[in-house]
Amino acid sequence: MFQTTSIQGDKTEQFTSALEQLKSLIADEPSAVANLANASALLKFTLPDTNWAGFYLFDGKELVLGPFQGLPACIRIPLDKGVCGAAASRRETVRVDDVHAFPGHIACDAATNSEIVVPMIKDGNLYGVLDIDSPLKGRFDDEEQRFLEQFVDILMKQL
Numbered sequence: 001m002f003q004t005t006s007i008q009g010d011k012t013e014q015f016t017s018a019l020e021q022l023k024s025l026i027a028d029e030p031s032a033v034a035n036l037a038n039a040s041a042l043l044k045f046t047l048p049d050t051n052w053a054g055f056y057l058f059d060g061k062e063l064v065l066g067p068f069q070g071l072p073a074c075i076r077i078p079l080d081k082g083v084c085g086a087a088a089s090r091r092e093t094v095r096v097d098d099v100h101a102f103p104g105h106i107a108c109d110a111a112t113n114s115e116i117v118v119p120m121i122k123d124g125n126l127y128g129v130l131d132i133d134s135p136l137k138g139r140f141d142d143e144e145q146r147f148l149e150q151f152v153d154i155l156m157k158q159l
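See below:
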């Protein structure tokens, strides 16, 4: 059974703990939906000053809303729109300090000011994206980007 642990220590220690918790959460669970739901909850718990943490899954044509924590969100995102579409199309992490300055930004939550999106790739194919939003401008840094990319790597080994 999963046991939550308090988030303590510096950012590196907190991220190491969260990665270990993720491994514990998804171990031996075959359901992608269950794993993504728990993963989004863990991220929302781990990352302060965020207002949305979740997944958009690629259906072969566009990104479709998956498990998340936060306010209701946009349901479908074309690959040529917004930060999520950019990360999916480029197949690389996109970190935006001010979403209002990002061309084609999709405002699902007017409170969002910064965003980071990590593509989810499995066997060379786009699976979806991890999307984290914050009401603070410039909220995400290099260390968080590395953490979230590791987080996605762990997930993709299980999904």
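The sequence shown begins at 1 in the UniProt record's numbering and counts up by one. Just so it is clear, CB atoms sit at the ideal spot from N, CA and C, and this is done for glycine as well.
What's the call for residue i, buried or exposed, on a 16-neighbour Cβ count within 10 Å?
i	result
residue 115	buried
residue 131	buried
residue 76	exposed
residue 101	exposed
residue 119	buried
residue 60	exposed
residue 117	buried
residue 38	buried
residue 125	exposed
residue 66	buried
residue 9	exposed
residue 146	exposed
Shortest alpha-carbon distance to residue i belongs to which of the options?
i	options	result
residue 47	62, 60, 143	143
residue 63	70, 97, 158, 106	106
residue 82	148, 154, 98	98
residue 55	12, 121, 13	121
residue 93	14, 153, 15	153
residue 123	157, 67, 40, 33	157
residue 161	45, 10, 13	Nothing about residue 161 can be read from this structure; the chain reaches only from 1 to 159.
residue 79	16, 136, 128	128
residue 51	150, 141, 68, 145	68
residue 134	41, 96, 155	96
residue 151	138, 53, 9	53
residue 42	84, 17, 103, 58	17
Checklist entry - Can you list the beta strand (DSSP E) stretches of 3 or more residues lying completely in the UniProt domain "GAF" (21-159), in chain order? => result Segments of the beta strand (DSSP E) lying fully in the UniProt domain "GAF" (21-159): 52-58, 63-70, 94-96, 114-122, 125-134.
Item to check | Cβ pair count under 8 Å reaching 3, the stretch 89-105 against the stretch 26-44 | outcome: With the rule of 3 Cβ pairs closer than 8 Å, the stretch 89-105 does not count as touching the stretch 26-44.
Item to check | Segment contact flag, the stretch 5-24 with the stretch 108-124, C-beta cutoff 8 Å, min 3 pairs | outcome: Short answer: they don't touch.
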